[in-house]
Amino acid sequence: MRGEEVVIGSFSVSVKFLLDGSGPLWVSAVYGPNNPSIRKEFWVEMLDLFGLTYPSWCVGGDFNVIRRRLEKLGGSGVTSSMRDFDGFIRECELHDPPLRNASFTWSNMQESPVCKRLDRFLYSNEWELSFPQSLQEVLPRWTSDHWPIVLDTNPFKWGPTPFRFENMWLQHHNFKESFSSWWREFEGNGWEGHKFMRKLQFVKAKLKDWNKNTFGMLKERKKTILDEIANIDAIEQEGALFSDLAAQRVIRKGELEELILREEIHWKQKAKVKWVKEGDCNSKLFHKVANGRRNKNFVKFLENERGLVLDSSESITEEILLYFKKLYLSPPGESWRVEGIDWSPISEESASRLDSSFAEAEIFNAIFQLDRDKAPGPDGFTIVVFQDCWDVIKEDLVRVFAEFHNSGIINQNTNASFIVLLPKKSQSKKISDFRPISLITCLYKIIAKVLSGRLRGVLQETIHSTQGAFVQGRQILDAVLIANEIVDEKKRSGEEGVVFKIDFEKAYDHVKWDFLDHVLEKKGFSSKWRSWMRGCLSSVSYAILVNGNAKGWVKAFRGLRQGDPLSPFLFTIVADVLSRMLLKAEERNLLEGFRIGRNRCRVTHLQFADDTILFANPREEELQTLKSLLLVFGQISGLKVNLDKSNLFGINLDQNHLSRLALLLDCKASDWPIIYLGLPLGGNPTACGFWDPVIERISRRLDGWQKAYSSFGGRITLLHSCLSHIPSYFLSLFKIPASVAAKIERMQRDFLWSGVGEGKRDHLVRWEAVCKPRVIGGLGFGKIPLRNRALLGKWLWRFPRESTSLWHQVILSIYGTHSNGWDANTTVRWSHRCPWKAIAQGFQDFSKYTWFIVGDGERIRFWEDLWWGDQILKDQYPRLFRVVMDKNIPIFSIFGSSRPFSWNFNFRRNLTDSEIEDLERLMHSLDCMNLSTSASDARSWSLCSSGLFTVKSFFAVLSQMPDSSPFFPTKFVWKSQVPFKVKAFVWLVTHKKVNTNDLLQLRRPHKAISPDICKLCMEQGESADHIFLHCSVTLGLWHRLFQLAKMDWVPPKSISDMMFINYKGFGKSKRGVILWQNASIALIWVVWWERNARIFEDKARNSGNLWDSIHFLASFWAFCSAGFKGTPLNVLQLDWLSVCSSNSSNGTA
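Its first residue numbered 1, the sequence shown is counted upward by one per residue in the UniProt record's numbering.
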């Protein structure tokens, strides 16, 4: 590397370097101004530098501004300078790597320090391609108030990695046949489980050889094919291309596309990206994410217990192995037993059901419920192999289960695990800063999945209602709702109280096996089930993956593995003992907890797995009792509370009192709000700052570099992913302020339209249209406030159906019952902080779509509830309703218990003639009505045929627009079997919003072509209808397609009309429909690419070459679809009509 050029600015020094074998690289050192008034000039200079240094740039130094709230000790509000900094990073699509070994880079060096992250490195995507392994770290400081930072561009020393099954192998047409042959070829004796694992090892060896012979090295094969295609192209330009060479080029292009798809699947598997599918040419994105994961998880150095820093791979490995040997060693001492608490054992029927024989269907369902692409364990196989080859391995697998049912033994090979260390934070220094995740073998994973499925079905019988995790019918948000409501109620009442949020030390890893066995016995589990659990635990051993390399083997004597499907359920059973101990103390009036609402409903604690929060009276005796209970529970179960990391929060207490109580508990006194299960507790949802974590998470997810690696279709998919997973958790409990919703939608809008070809920054389709459902021409994003209302509506549906749940009892106690007898009171006049107020505000919209199903008639109100006809009876018969005495009278009270009906209306006066006519009409209409004494009244959701509420249906009806027309070719665009990025482009074409010349003249006249002509036919002006349908070149391609289908064709008026017409060119079979849609879309796609090549690259192809591209793309997309599975690509390319009419295409569309 050598320096070539130096540029000095007011705030920066930039140097241009030339790197051997690469283009120029720019490195800039900056010092940002501390004066906000001249900071705008700094950003102008940075943007100028970006233009000068494009595309490969790294900039680092003291920017004198933070980007995120948490880059200041204690947090910060979002300032305009922070927004400008974030905007600069996004505008330039720079990567902002994490700081690995510290949180901050500057402090004021005072007794009460102010710390900020003012220094950082940023770099472009092209820089990252040159240095994909870059790590940013802090160095020790000597005299400055800043810590020096360094960007290490080549820090990794990776050892050999274990065998891992490649999902791309499944794409080979001969894979399943080969796998079946290898599986049958192995012969062995002994235990079925051991034999099964040896078969997998045998297949593994065969796979390695097969991979070498069949796939070889992808890069080398790809280069060879590209060279061959380039040579044929060169011959063509000399005008001497023979038909055999043209045919050879088509074959080579097919091989190249297959290789690219395999390469994409390979990198997707490494990247573990779930929100986007292969086939959209996302290899760069997958490569980028895979490198990012590797950078994040790389252990470069480690600090041991004595504070010494270890930086050699040998010393790091030795320290890690020593740590895990100690961690999983069972401490000496006798076993403890617990007596005198209510165990709530499971029924004998449930215990017997748990022990029943394993059926093939049960094993099948378990396999197909598992994630296909989870990282493999020591066997190297992913579950996708077992799913795709189920018919090959099922008989052996059923025998393994039968053997396990009889013996309860799992051999050590089956239960071996890899431990992978995932950093909990960016600055992980000690081993305790990493989370150990177990990667287990596929065979054990299937066994554990079947067992956990059975266990899930009985947990609700034995786990107390205060535990919200892994129990059917209970949800994580229940605990957050309860906590927010009771804290708000306590604050409003003026009563004193404390909230104690405890942290279990290495919770899963410290569970004592003998204590778990004791708890299972007390809870009514049979000796056979307990022996199965002992078999699953006692055979566990671990190898540690240190930077991808498996090291050592550690035998476990305690603990539950994170990554084992059984572990969450077994942990929940152990944690339930703490609930039972707290309830026993509550019965003896040793703990009071919080008494809430008119019913004085008592809540002492809430649990979600190991996340536990306690509510207590601030009396010292009660807190001492609480501390003693936690210490005893820790001693007997192994789940010790880390008091140093636990926090105490006061309600209506002065700070001195709270500090004294925290000292008593040996924990920290902290301020509101807090984060509980990922959501704020004790905050104000109407304040914009409350939503800052959501904004920040979306901002990180939609970071600038994602634009450069994602197609338009990829950005649509990512936005759907963000919309579903990030804000929805908040939106399911709190009402979002309009300004915050607008900000999130603006971020989504800007991300969607960034970087769309030459129309960069143009918002091609109105956001209102984009948010519409797909069936009426939108992308289905929906408006955030409407999604919020739909999500909150789920609580209104659940309330009358879950009358025994703790959250129902708390809401009922605080708010009382609605006059309809089903719902909680929806008139909430007090605090704006409680979540239920926002939930209750949606009752009017929600109730429009509820319908009552009459059973015994005891709960449904005759006049006020919707149960007969499409209107409530008080609206159908207003004159009668005005004169009834009891307007809330139930149906049963009017009809009586049997026929003939007693008709007990109880009018307050004699009826007039017109009222008598109404009454006769009413009685006549109800004459066919029957009550059922054996069934209770029920409420139904009118928007779903099942009668059950769904957020999707409520959101859809809330999103309906009066002028919304369903006139959109939904099936053609979204049901086609083409890559999603192509579907997204066709969606733009349907709206006529691609950047054709007629639209460019309106939007960006300086970018429009002058004169306004179509570059394909060189005649008329360019519009969507012209270039995709009426242009003479395109028209010729359409005619050729219809000739191939042996159909006469008259061009329609517009391209959208073309998409609407159901031509069935290759027949009515499923294959025929797929291939016709593929061919039509490939034509549109190829025409657009040709148009761009002629404008921007001055390259042109003749109609024959364009048709070859259309033919190949349509064939390849069909080859990748499920409808043509098993059909070789070369066969598909030969004759479309015969392939569509063959026996294998017997399905109809």
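The beta-carbon is built from N, C-alpha and C at its ideal position, and this holds for glycine as well.
Just so you know, these numbers come straight off a predicted model, no measurement behind them.
- Could you tell me which of 188, 202, 1081 sits nearest to residue 977, measuring between CA atoms? 1081
- Pairwise C-alpha distance: residue 951 and residue 996: About 39 Å.
- Message: Can you give me the C-alpha to C-alpha distance between residue 387 and residue 1059, rounded to a whole angstrom?
- Response: 37 Å
- Task: Could you spell out where the alpha helix (DSSP H) holding residue 479 opens and where it closes?
- Result: 476-493
- Pick from 699, 168, 1012 that is closest to residue 1021, judged by C-alpha positions: Ranking the options by Cα distance to residue 1021, first place goes to 1012.
- Item | Nearest neighbour of residue 562, chosen from 477, 420, 603 [CA to CA] | 420
- Message: For a quick check, are the C-beta atoms of residue 670 and residue 652 less than 8 Å apart?
- Response: Not a contact, by the Cβ cut-off of 8 Å.
- Query: Between residue 513 and the rest of its own chain, which residues show a CB-CB distance below 8 Å, the 5 nearest in sequence each way excluded?
  - Reply: 330, 534, 537, 538, 557, 558
- Item | Cβ-based neighbour list, residue 114, same chain, cut-off 8 Å, excluding 5 preceding and 5 following | Here the set comprises 72, 73, 107, 108.
- Message: My parser needs the alpha helix (DSSP H) runs of 4 or more residues fully inside the region 107-141; what are they?
- Response: 125-130
- Item | Three-state secondary structure assigned by DSSP to residue 625 | helix
- Would you check if the distance between the CB atom of residue 920 and the CB atom of residue 883 is smaller than 8 Å? No.
- Item | For residue 991, the nearest candidate out of 764, 1109, 821 (CA to CA) | 764
- Straight-line gap, residue 661 to residue 119 (C-alpha atoms, nearest Å): 40 Å
- residue 911: which of 162, 576, 881 sits nearest, CA to CA? Comparing Cα positions, the closest option is 881.
- Closest by CA to residue 56, which one among 840, 17, 126? Per the Cα distances, 126.
- Query: Quick one: what does DSSP say residue 152 is sitting in, helix, strand or coil?
  - Reply: It is a strand residue.
- Item | 8 Å contact criterion, which residue 515 and residue 636 should meet: CB distance rounded | 6 Å
- Query: Do residue 192 and residue 400 have their CB atoms nearer than 8 Å?
  - Reply: yes
- Query: Going by the CB atoms, is the gap between residue 1055 and residue 1029 shorter than 8 Å?
  - Reply: yes
- Beta-carbon separation of residue 468 and residue 607 under 8 Å? yes
- Item | Cβ pair residue 786, residue 846 closer than 8 Å | no
- Whole angstroms is fine: what's the gap from residue 644's alpha carbon to residue 667's? 5 Å
- Task: Give the C-beta separation of residue 523 and residue 341 to the nearest angstrom, bearing in mind that I take them to be a contact with Cβ-Cβ under 8 Å.
- Result: With 8 Å as the limit, residue 523 and residue 341 do not qualify as a contact, their Cβ atoms being about 11 Å apart.
- Task: Tell me whether residue 168 is buried or exposed, calling it buried when 16 or more other Cβ atoms sit within 10 Å of its Cβ.
- Result: buried
- Task: Report the residue ranges of all beta strand (DSSP E) runs contained in full by the region 320-398; include only those spanning at least 3 residues, in chain order.
- Result: none
- Query: Going by C-alpha distance, which of 893, 1044, 937, 549 is nearest residue 801?
  - Reply: 937
- Item | Per-residue burial, residue 960 [other beta carbons within 10 Å of its own, 16 or more giving buried] | exposed
- Task: Apply the 10 Å Cβ neighbour rule to residue 1104 and answer buried if 16 or more other Cβ atoms are within range, or exposed otherwise.
- Result: exposed
- Extent of the continuous alpha helix (DSSP H) to which residue 924 belongs: 913-925
- Alpha carbon to alpha carbon, what distance is there between residue 363 and residue 446? 7 Å
- Task: Whole angstroms is fine: what's the gap from residue 543's alpha carbon to residue 677's?
- Result: 31 Å
- Task: Note down, in chain order, each residue of its chain lying with its Cβ closer than 7 Å to the Cβ of residue 757, except the 5 sequence neighbours on either side.
- Result: Bear in mind that a pLDDT of 38 at residue 757, under 50, signals an unreliable position, so the number given afterwards is only what the model happens to contain. Only 995 meet the Cβ criterion.
- Query: Counting Cβ pairs, one atom from each stretch, are 3 or more of them under 8 Å apart for the region 888-896 and the region 848-864?
  - Reply: yes
- Query: Looking only at its own chain, which residues have a Cβ that is under 7 Å from the Cβ of residue 1053, when we skip the five neighbours before and after it?
  - Reply: none
- Quick one: any contact between the region 618-634 and the region 588-597, if contact means 3 or more CB pairs under 8 Å? yes
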